[in-house]
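**Q**
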Amino acid sequence: MTDAEIRAIILELIGEIAPEADLASARDQNDLREVFDVDSMEFANLVIAIHDRLGVNIPEAHYNQLFTLAACRT
1 MTDAEIRAII
11 LELIGEIAPE
21 ADLASARDQN
31 DLREVFDVDS
41 MEFANLVIAI
51 HDRLGVNIPE
61 AHYNQLFTLA
71 ACRT
C-alpha cells in the first residue's frame with residue numbers, strides 16, 4: 001500500500017469519526033485534534049479504526065505519537 005493510499009484511508013476514517021471535518025484542510029504536520037476538533041474519545045476511536053482497517057498493531061503507549069497525518073503513516 002502506498003503512502004498516498006494510507007493517507008486517503010486515514011482521512012476517510014477521520015471523516016467517519018468527525019463528519020463535519022473539512023478534510024481538504026488536512027496537512028501532514030498539523031495536529032489532527034486541533035484541525036478537526038477531535039476530542040480524546042474520538043481520537044481513540046480513530047486509532048482503533050486505523051488498527052482495524054489497516055491491520056496494524058498500535059500499542060496504547062504510542063497513541064500520543066499519532067497526532068499528525070505524517071505520524072499516522074509511519
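Going by UniProt numbering, the sequence shown opens with residue 1, and the numbers climb by one from there.
Note that the Cβ used here is the ideal one computed from N, Cα and C, for glycine as well.
Scan the UniProt domain "Carrier" (8 to 63) and note each continuous alpha helix (DSSP H) run of 4 residues or more that stays entirely inside, going in chain order.
**A** Here the runs fully enclosed are 32 to 35 and 40 to 54.
**Q** I'd like the list of long-range same chain contacts for D28, defined as Cβ closer than 6 Å, with 5 residues on each side in sequence excluded.
**A** Around D28: L69 and A70.
**Q** In whole angstroms, give me the CA-to-CA distance for Q65 and N45.
**A** About 15 Å.
**Q** Between the alpha carbons of D3 and I9, how many angstroms are there, rounded?
**A** Roughly 10 Å separates the two Cα atoms.
**Q** Considering only the alpha carbon of each residue, which of R53, I14, E60 and N57 lies closest to E33?
**A** In the sequence as presented, Glu is not what sits at residue 33; that position holds Arg. The candidate whose alpha carbon is nearest that of R33 is I14.
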